[in-house]
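Right, one structure below, let's go through it.
Protein chains in written order, with my numbering: chain H, 10 to 325; chain E, 6 to 207.
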């Protein structure tokens, strides 16, 4: 039943977008950009002073699909905007206190022709940006609206340009304060890999199942993932600062120049490579391989732990 | 005529013989030589003493330099463990893991603080690996049990559960039970906790 509900949500949500491709620019050249979102982002670093957001998806229409997966009554459902009709897709069964509820809402678009929705938040919606943007204490925060309910954003994709002078902290689980948050066991992810490229600042990425593609990041970089795969490529750059990657069962795939100055501590189910490493130590057990590998003087540390996943180290 | 008879026969001639001036000079030089002998040994003794003192000084300087270097390294490490940048903290933890082999209370305390308070999962996981270098340290063992009780980041929870299983820490059974019974626990964490429980009960 849950699967059917989820499929309906995804199908409806994907039908409800219209074309849009405008930009939002935010002056921000120092501090931390905190992305607390499970949406698909293509982020690029550049030598500038603004964070530039561009939506690559189609703009939503007036339908809204709201799902509440929390336990209890429907009091915690908050419906915003002009709601003409609201239907509960699956009526509550007697005695059932734990089930997903879906509400499909529809706004009358004809009535508002010629008018503009007021409010600061609407500026972003008009640009096709469906996450909140907040700036405080030296941080610029992008956050999904998922308080007690969540709206399926499948198909949303954003291109973001960020200045090389800032720090990026990206959490696809929504930067949840786990201790105070219910449903911490539920993670939402986009099937398409998000990407980050050409960035010179410090990077922290935390994800559950999202796949990540990184290209030409000099570091320091720290990534942790439960089941997401991490693909890293060094094309025009070499690793210059610490790389730390932990995964429980996703793979780690790195393509790097063979003249990199690296000390790699790799641990995973199996380690594969076509690079002529100097093997400093190795230890192999059933489904577990651990190696210390060196290239040149071993100046930059790379700590890789793929858990039950494999590690692939490829020559560029 | 033997030698004795010869001396007796010429005794007077021998008694009249005066000592030559050359003999005096020779005697004086021999006397000087004899008198200076103790002075020379004193000089040699002092030389040995100064050489020994220099060696001792060099050794002390070596130890002092080593101590100073270690203290500087330690302070540098402690500073990096408290840095605002997660990358710097990670550098510090990995450095401790790779280069420090002795237990140091200050560093251990800093690592335990990270274990409980840090917001970055990578820093916490690296810290757990560093603390596992001292499996018999009771403070570390207790801290790991406290950490597994309150940790909410799934990947860190898994690392803690595996570490406590590796340490065969039976006191972790209660917190593991809580993790298993907690509805909010991520499924993969639950399965790791269940496996750990089974291992610890063996």
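Positions of the beta carbon are idealized from the N, C-alpha and C atoms, including for glycine.
Residue-level contact check: residue 125 of chain E touches chain H, since one or more beta carbons of chain H fall below 8 Å from its beta carbon.
For residue 51 of chain H, the CB contacts under 6 Å within the same chain, skipping 5 residues up- and downstream, are 168, 204 in chain order.
With its beta carbon less than 8 Å from one in chain H, residue 160 of chain E belongs to the interface. For residue 227 of chain H, the closest C-alpha among the options H:244, H:219, H:281, H:144 is that of H:244. Interface criterion met: the Cβ of residue 92 of chain E is under 8 Å from a Cβ in chain H. In terms of beta-carbon proximity, residue 95 of chain E lines the interface with chain H, with at least one pair separated by less than 8 Å.
Across the segment 275–295 of chain H, no CB contact with chain E closer than 7 Å is found for any residue. Within chain E, the C-beta atoms nearer than 8 Å to that of residue 251 of chain H come from 92, 95, 96, 99, in chain order.
Residues of the same chain with a CB within less than 6 Å of the CB of residue 123 of chain E, apart from the 5 flanking positions on each side, are 129 in chain order.
Under a 10 Å Cβ-count criterion, residue 263 of chain H is classified as buried, with 16 or more other Cβ atoms of the shown protein chains found around its own Cβ. With the rule of 3 Cβ pairs closer than 8 Å, the segment 160–172 of chain E counts as touching the segment 196–205 of chain E.
Per the DSSP secondary-structure output, residue 41 of chain H pairs in a beta bridge with H:148, H:176. In terms of Cβ geometry, residue 83 of chain E and residue 112 of chain E form a close pair [threshold 8 Å].
Closest in C-alpha terms to residue 141 of chain E, from the list E:169, E:10, E:187, comes E:169. Closest option to residue 254 of chain H, judged by alpha-carbon separation, among H:241, H:43, H:266: H:241. Between the segment 267–278 of chain H and the segment 316–325 of chain H, the count of Cβ pairs shorter than 8 Å is three or higher; the stretches touch.
Contact with chain H is found for residue 163 of chain E, since one of that chain's Cβ atoms lies less than 8 Å from the residue's Cβ. DSSP places residue 132 of chain E in no beta strand (DSSP E) but in the uninterrupted alpha helix (DSSP H) bounded by 126–136. Counted as a single uninterrupted DSSP element, the stretch harbouring residue 139 of chain H is not any beta strand (DSSP E), since DSSP gives it neither H nor E.
Between residue 230 of chain H and residue 252 of chain H the beta-carbon gap is near 5 Å, inside 8 Å, which marks them as a contact. With respect to chain E, the C-beta atom of residue 213 of chain H has a partner C-beta closer than 8 Å. In the structure shown, residue 10 of chain E falls within a helical segment according to DSSP collapsed to helix, strand and coil.
For residue 215 of chain H, no alpha helix (DSSP H) segment is defined; the enclosing uninterrupted segment is the beta strand (DSSP E) at 212–216. The Cβ atoms of residue 166 of chain H and residue 65 of chain H lie closer than 8 Å to each other. Straight-line measurement puts the Cα of residue 139 of chain E at about 12 Å from the Cα of residue 101 of chain E.
When beta bridges are read from the DSSP output, residue 50 of chain H appears opposite H:167. As the crow flies, the alpha-carbon of residue 109 of chain E is around 18 Å from that of residue 69 of chain E. Taking 9 Å as the upper bound on Cβ-Cβ separation, chain E lies near residues 215, 217, 228, 229, 230, 231, 232, 233, 234, 235, 236 of the segment 215–238 of chain H. A straight-line Cα-Cα distance of about 15 Å links residue 146 of chain H and residue 177 of chain H. For residue 91 of chain E, the closest C-alpha among the options H:269, H:221, H:210, H:257 is that of H:210. Rounded to whole angstroms, residue 181 of chain E and residue 95 of chain E show a C-alpha spacing of 27 Å. Residue-level contact by beta carbon holds for residue 312 of chain H and chain E, with a gap shorter than 8 Å. Sorting H:49, H:140, H:144 by C-alpha distance to the C-alpha of residue 40 of chain H places H:144 at the top.
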